[in-house]
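Notes follow the structure.
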Amino acid sequence: MREAFQRCYALLRSGYTPKWNEGYPEYDSRIRAFVEAVHSDAICDYDYMEHYERIREKALNKLTYREVCTFLTFIVRGERFCSGHIANHIQDGVLAGLLERYLELTATGRGVIASGIFGTAVADAVGVPAEFKSREELRARPITDIIGGGAHQQVAGTWSDDTSMALCLAFSLAEKGGIDVDDIMKRFCDWYENGAYSPHGECFDIGMT
Numbered sequence: 002m003r004e005a006f007q008r009c010y011a012l013l014r015s016g017y018t019p020k021w022n023e024g025y026p027e028y029d030s031r032i033r034a035f036v037e038a039v040h041s042d043a044i045c046d047y048d049y050m051e052h053y054e055r056i057r058e059k060a061l062n063k064l065t066y067r068e069v070c071t072f073l074t075f076i077v078r079g080e081r082f083c084s085g086h087i088a089n090h091i092q093d094g095v096l097a098g099l100l101e102r103y104l105e106l107t108a109t110g111r112g113v114i115a116s117g118i119f120g121t122a123v124a125d126a127v128g129v130p131a132e133f134k135s136r137e138e139l140r141a142r143p144i145t146d147i148i149g150g151g152a153h154q155q156v157a158g159t160w161s162d163d164t165s166m167a168l169c170l171a172f173s174l175a176e177k178g179g180i181d182v183d184d185i186m187k188r189f190c191d192w193y194e195n196g197a198y199s200p201h202g203e204c205f206d207i208g209m210t
């Protein structure tokens, strides 16, 4: 989805304007791909008419992520009622400004998310050797570094099923642009059956799953 927005933004920055044929605009394939992306559940604001009135005068570079989605939905859905609605917002520079703001917000968000996932994996790897140990055991021999061992005798740096399942969800969200339960289920099964998203291709410590 983000790639479709990037390609559309690059097209608009190149000075693109749609051609008209008998009163109807003929949009480039990159514009059509962008329109399809906006219709996805991850972007589309189904109450956009109500929300748009509150943000229509707001500076584009001050819009939040959801407000950008509302504005983009307004532009794309407007084409159904007024041929050339998208073209008009291309010509006045609004669409390019919205795409620039979207890319700015999602670039920042991705960095924060990636850092969070990395931190989860590191903390999980620290905790794997401590699993099933009592407080008394940990007080006697505290874990202060990433080491191997534990109940399942894993090598140092091994994360558990908690991180593996988080990775399944994260990759699905990134690739599908929103919640796709079928895709998430397939990734969970790939992890369970094939060791995908695990540090060494092996699924361990999942109880009676």
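So the sequence shown is numbered by this note's numbering: it starts at 2 and just counts up by one.
Glycine included, every Cβ here is placed at the ideal spot set by N, Cα and C.
**Asked** Could you give the residue range of the alpha helix (DSSP H) that holds W192?
**Response** 182-195
**Request:** Classify Y198 as helix, strand or coil using the three-state DSSP reduction.
**Result:** coil
**Asked** Who are the near neighbours of I185 in its chain, counting only those whose CB is closer than 7 Å to its CB and skipping five residues on each side?
**Response** C169, L170, S173
**Asked** Along the chain, where does the alpha helix (DSSP H) that runs through N89 open and close?
**Response** 86-92
**Request:** State whether the region 112-130 contacts the region 75-88, with contact taken as three or more CB pairs (one from each stretch) at a distance under 8 Å.
**Result:** no
**Message:** Using only the alpha-carbon positions, how far apart do E4 and M166 sit?
**Reply:** 25 Å
**Asked** Are there three or more Cβ pairs, one per stretch, closer than 8 Å when the region 29-43 is compared with the region 7-17?
**Response** yes
**Prompt:** Should S41 be labelled buried (16 or more other beta-carbon atoms within 10 Å of its own) or exposed?
**Reply:** exposed
**Request:** Within the same chain, show all residues whose beta-carbon is closer than 7 Å to that of G158, passing over the 5 residues directly before and after it, in chain order.
**Result:** A126, I147, P200
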